[in-house]
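Shown next, in structure tokens, is the structure this report addresses.
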Amino acid sequence: MSIRGKAAIVGAFEHPLREIPDLTLPQVHAEVARGALADAGLSFSDVDAYFCAGDAPGFGGLSMADYLGLDLKILESTETGGSSYLFHAGHAAALIAAGKCSVALITMAGKPRTGGAGPGGSGGIGGAPEGPWENWWGITVPGAYALAAQRHMYEYGTTSAQLAEIKVAASLHAQHNPNAFLPDPVTVEEVLDSPMVADPLHRLDCCVITDGGGAIVMVNEEIARSIGNGRAVKLLGHGEAVKHSDRGRIDLTYTPARWSGPRAFEEAGVTPADIDYASIYDSFTITVLETIEDLGFCEKGEGGRFVSDGGLVAPHGRLPFNTDGGGLCNNHPGNRGGMTKILEAVRQVRGEAHPAVQVPNCRLALAHGTGGNLATRTGAATLILGSEDA
Amino acid sequence: MSNLPVHAPRVNAETKPFWDGTAEGKLVLPHCNACGFVIWYPRTFCPQCQATDVRWEEASGLGTIYSFSITRKGRGEFREAGTYVLAYVELAEGPRVMTNIVDCDPDALSVGQAVRVVFDDTGQGSALYRFTPA
Numbered sequence: 215m216s217i218r219g220k221a222a223i224v225g226a227f228e229h230p231l232r233e234i235p236d237l238t239l240p241q242v243h244a245e246v247a248r249g250a251l252a253d254a255g256l257s258f259s260d261v262d263a264y265f266c267a268g269d270a271p272g273f274g275g276l277s278m279a280d281y282l283g284l285d286l287k288i289l290e291s292t293e294t295g296g297s298s299y300l301f302h303a304g305h306a307a308a309l310i311a312a313g314k315c316s317v318a319l320i321t322m323a324g325k326p327r328t329g330g331a332g333p334g335g336s337g338g339i340g341g342a343p344e345g346p347w348e349n350w351w352g353i354t355v356p357g358a359y360a361l362a363a364q365r366h367m368y369e370y371g372t373t374s375a376q377l378a379e380i381k382v383a384a385s386l387h388a389q390h391n392p393n394a395f396l397p398d399p400v401t402v403e404e405v406l407d408s409p410m411v412a413d414p415l416h417r418l419d420c421c422v423i424t425d426g427g428g429a430i431v432m433v434n435e436e437i438a439r440s441i442g443n444g445r446a447v448k449l450l451g452h453g454e455a456v457k458h459s460d461r462g463r464i465d466l467t468y469t470p471a472r473w474s475g476p477r478a479f480e481e482a483g484v485t486p487a488d489i490d491y492a493s494i495y496d497s498f499t500i501t502v503l504e505t506i507e508d509l510g511f512c513e514k515g516e517g518g519r520f521v522s523d524g525g526l527v528a529p530h531g532r533l534p535f536n537t538d539g540g541g542l543c544n545n546h547p548g549n550r551g552g553m554t555k556i557l558e559a560v561r562q563v564r565g566e567a568h569p570a571v572q573v574p575n576c577r578l579a580l581a582h583g584t585g586g587n588l589a590t591r592t593g594a595a596t597l598i599l600g601s602e603d604a
Numbered sequence: 343m344s345n346l347p348v349h350a351p352r353v354n355a356e357t358k359p360f361w362d363g364t365a366e367g368k369l370v371l372p373h374c375n376a377c378g379f380v381i382w383y384p385r386t387f388c389p390q391c392q393a394t395d396v397r398w399e400e401a402s403g404l405g406t407i408y409s410f411s412i413t414r415k416g417r418g419e420f421r422e423a424g425t426y427v428l429a430y431v432e433l434a435e436g437p438r439v440m441t442n443i444v445d446c447d448p449d450a451l452s453v454g455q456a457v458r459v460v461f462d463d464t465g466q467g468s469a470l471y472r473f474t475p476a
């Protein structure tokens, strides 16, 4: 059985703020839920399935279902860090296809700027069996991703200037987003001149740290048709995969997109060459580079050349990516960039991205999430989204 | 001793043979008795064949740098550590282990460089394994 075309995203909402000092975490979850349901023309009482990840407070899904007053047939709270919401979307489609639910709400929210959590990873590691072998060497999130970048450079000759091209493309897109945290375009030289955080990653190789959140609503085909506003975005394929330390022989030059991508493409019946727009998880520039290779947009090791010379710049680059400015410039709410990846892909397929970066006749979009830590263990999910006629 | 923070790990029954070894200046690794796999991180469950019968053997303490990063700003205990080197070292026995490269000129390090293990005593019956250019 396939999920192809069995479920559609009919509601999408991104919180407009990047600092939210006056709302609690549950309040932000509730605001984005309300926004996504309003976008769909549905109400809280229509929801029969709820999905959330580790950013949900208290008892997670149980606490939020209670707070929001949801009556549920399905509650699901897979936690893979920033990629969680792409896992959720795939699971929601499968559950909808199986008839277990018909209206699925997925929410995320975080307040690292004003909530006291501060920057850093999104997952707790207390009691983790791997803890003693990773915690006492001064690992930081940038330091860990720097290990991946250093090895990729060693094996394939990737350069800091090539990584900088990714930030430059994101910044060119962010200038058109009035809500972007970093709205000013930057040059390759400015990226290379920014302070070194953890060799070989500079400050501008890193994503922003923002408060915020987002939500989507997914429904079955029948409800999508009945809404009938021409803005439904079909889920055509989903793939997910886990990459861990590979029994103590970790290879830092690839991500689990190597496996999640082909699964999603196969289900959707399309190839990388068919994709009009891609939201690529961008916690760091190196995350984008390795993911583009692993998804098959170019050969392994060719990512540096692929992203150069405006390869990622919308609307006419080889692969227009992260047209909202991405996590690198726009928004990485709660240190988790997965939801915003789905949201911009939905805007592109709907034709509702900013006109300066809208890909003409965008019928097929990819959204990809990379959660956990590239230097240790990672959960990745790939979604292929399509217009109603795709 | 390096000048980096030394955190005493919480030792449990599963990992005690490893940490006891470090206190004696030895890197002792679990080997699977069923398939021969050298297990990392240390545990009594073989992630290769799922057997639970392991023996503990002293490793050579030699390896090469698989990757490294000169970290400019640490967090937590490393907040005041200044610039330090986070690395993966590939042990001669196979596993790639997260660690620090110490007593070195960070700017002179390279991927593939030979290193050997050194130990920072925690004062609590264990030592942290770090590496230095061989």
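Order-wise, the sequence lines are chains Y and L. Note that my numbering has the first sequence beginning at 215, numbered continuously upward. Note that my numbering has the second sequence beginning at 343, numbered continuously upward. Ideal Cβ placement from N, Cα and C applies to all residues, glycine included.
With hydrogens ignored, establish whether the beta-carbon of Trp361 of chain L is closer than 7 Å to any heavy atom of the ligand NAD.
-> In the structure on display, the ligand NAD does not appear, and there are no ligands present to speak of.
Touching by the beta-carbon criterion (3+ pairs, under 8 Å), the region 276–288 of chain Y and the region 228–237 of chain Y | Not touching, per the Cβ criterion.
Ile494 of chain Y in three-state terms, based on DSSP | In this structure, Ile494 of chain Y counts as strand in the three-state DSSP scheme.
Step through the CB atoms of chain L and report whether any lies within less than 8 Å of the CB of Ile598 of chain Y.
-> Residue contact check for Ile598 of chain Y against chain L: no CB pair falls below 8 Å.
Buried or exposed by the 16-neighbour rule on C-beta atoms within 10 Å, applied to Asp496 of chain Y | So Asp496 of chain Y ends up on the buried side.
Give a yes or no on contact between the region 526–533 of chain Y and the region 264–277 of chain Y, applying the rule of three or more CB pairs nearer than 8 Å.
-> Output reads no: the region 264–277 of chain Y does not touch the region 526–533 of chain Y.
Buried or exposed: which applies to Thr401 of chain Y, given that a residue is buried once 16 or more other Cβ atoms fall within 10 Å of its Cβ?
-> The residue is exposed, with fewer than 16 neighbouring Cβ atoms inside 10 Å.
Report the residue from L:Pro475, L:Pro359, L:Phe461 whose alpha carbon sits nearest the alpha carbon of Asn345 of chain L.
-> Of the candidates L:Pro475, L:Pro359, L:Phe461, the one whose C-alpha sits nearest the C-alpha of Asn345 of chain L is L:Phe461.
Residues in the region 465–476 of chain L with C-beta within 7 Å of chain Y's C-beta atoms, listed in sequence order?
-> In summary, the residues of the region 465–476 of chain L whose CB is separated from some CB of chain Y by less than 7 Å are Leu470, in the order they occur in the chain.
Name, in chain order, the residues that DSSP records as bridge partners for Lys448 of chain Y.
-> Beta-bridge analysis with DSSP links Lys448 of chain Y to Y:Ala222, Y:Gly600.
Output yes if chain Y places a C-beta closer than 8 Å to the C-beta of Thr406 of chain L; else output no.
-> With its beta carbon at least 8 Å from every one in chain Y, Thr406 of chain L lies outside the interface.
Among Y:His366, Y:Cys421, Y:Pro346, which residue has its Cα nearest to the Cα of Gly552 of chain Y?
-> Per the Cα distances, Y:Cys421.
Report buried or exposed for Cys391 of chain L, applying the criterion of at least 16 other Cβ atoms within 10 angstroms of its Cβ.
-> Its Cβ having fewer than 16 others within 10 Å, Cys391 of chain L is exposed.
Evaluate the contact criterion for the region 348–366 of chain L versus the region 371–383 of chain Y: three or more CB pairs, one atom per stretch, below 8 Å.
-> Segments in contact, no.
Below-8 Å beta-carbon distance, Arg365 of chain Y vs any chain L residue = By this cut-off, Arg365 of chain Y is an interface position.
Simplified DSSP state of Phe200 of chain Y, which is helix, strand or coil = No statement about residue 200 of chain Y is possible, as the shown extent of chain Y runs from 215 to 604 and does not include it.
Where Leu503 of chain Y and Gly518 of chain Y are concerned, what is the direct C-alpha to C-alpha distance, given to the nearest angstrom?
-> One C-alpha to the other measures close to 7 Å.
Neighbourhood of Cys543 of chain Y by C-beta distance below 6 Å, restricted to the same chain and skipping five residues each side = Sequence-distant Cβ neighbours of Cys543 of chain Y in its own chain, meaning closer than 6 Å and more than five residues away, are Ala384, Ser385, Ala388, Ala394, Leu396.
Coarse secondary structure for Cys543 of chain Y, derived from DSSP in three states = It is helical.
For the beta strand (DSSP E) that Ile412 of chain L lies in, which residues bound it at each end?
-> 404–413 is the span of the beta strand (DSSP E), which, as asked, contains Ile412 of chain L.
Write down every uninterrupted run of the beta strand (DSSP E) in the region 551–604 of chain Y whose length is 3 residues or greater and which is fully enclosed by it, in chain order.
-> The region 551–604 of chain Y contains these whole beta strand (DSSP E) runs: 578–586, 592–600.
Does DSSP classify Glu432 of chain L as helix, strand or coil?
-> In the structure shown, the three-state DSSP call for Glu432 of chain L is strand.
Can you tell me where the alpha helix (DSSP H) with Arg248 of chain Y in it begins and where it stops?
-> Annotation: the continuous alpha helix (DSSP H) that includes Arg248 of chain Y extends over 239–254.
Segments of 4+ residues assigned as alpha helix (DSSP H) that fall wholly inside the region 349–386 of chain L = Runs of the alpha helix (DSSP H) inside the region 349–386 of chain L: 358–365.
Please report how far the alpha carbon of Arg421 of chain L lies from the alpha carbon of Trp351 of chain Y, in whole angstroms.
-> Between Arg421 of chain L and Trp351 of chain Y, the C-alpha separation is close to 12 Å.
Does any C-beta atom of chain L lie closer than 8 Å to the C-beta of Val431 of chain Y?
-> False, the Cβ-Cβ gap to chain L never drops below 8 Å.
Count the other C-beta atoms from every protein chain shown that fall within 10 angstroms of the C-beta of Glu400 of chain L, then say buried if there are 16 or more, exposed otherwise.
-> Glu400 of chain L is exposed by the Cβ-count criterion.
What span of residues does the beta strand (DSSP E) with Gly428 of chain Y cover, start to end?
-> Looking at the DSSP string, the run of the beta strand (DSSP E) that includes Gly428 of chain Y is 426–434.
Would you call the CB atoms of Gly540 of chain Y and Gly295 of chain Y closer than 8 Å?
-> Going by beta carbons, Gly540 of chain Y and Gly295 of chain Y fall outside the 8 Å limit.
Rounded straight-line distance, which links the Cα of Asp449 of chain L to that of Thr474 of chain L | Going by C-alpha positions, Thr474 of chain L is about 14 Å away from Asp449 of chain L.
Take the Cβ of Asn442 of chain L as the centre, count every other Cβ of all protein chains shown within 10 Å, and call the residue buried at 16 or more, exposed below.
-> Looking at its Cβ environment, which holds 16 or more other Cβ atoms inside 10 Å, Asn442 of chain L is buried.
Beta-carbon contacts of Ile412 of chain L that lie in its chain and below 7 Å, excluding the five residues immediately before and after = For Ile412 of chain L, where only same-chain residues beyond five positions count, the Cβ hits under 7 Å are Thr425, Val427, Pro448.
Cα-Cα separation, Leu449 of chain Y to Ala350 of chain L = Approximately 49 Å between the Cα atoms of the pair.
Determine which residues share a DSSP beta bridge with Val400 of chain L and list them.
-> The amino acid occupying residue 400 of chain L in the given sequence is Glu; Val does not appear at that position. Glu400 of chain L pairs with L:Val370.
Determine the DSSP secondary structure at Gly442 of chain Y, reduced to helix, strand or coil.
-> Shown here, Gly442 of chain Y sits in coil according to DSSP, grouped into three states, outside any helix or strand.
Where the region 443–458 of chain Y meets chain L: residues whose CB sits under 8 Å from a CB there = Cβ contacts with chain L: none found.
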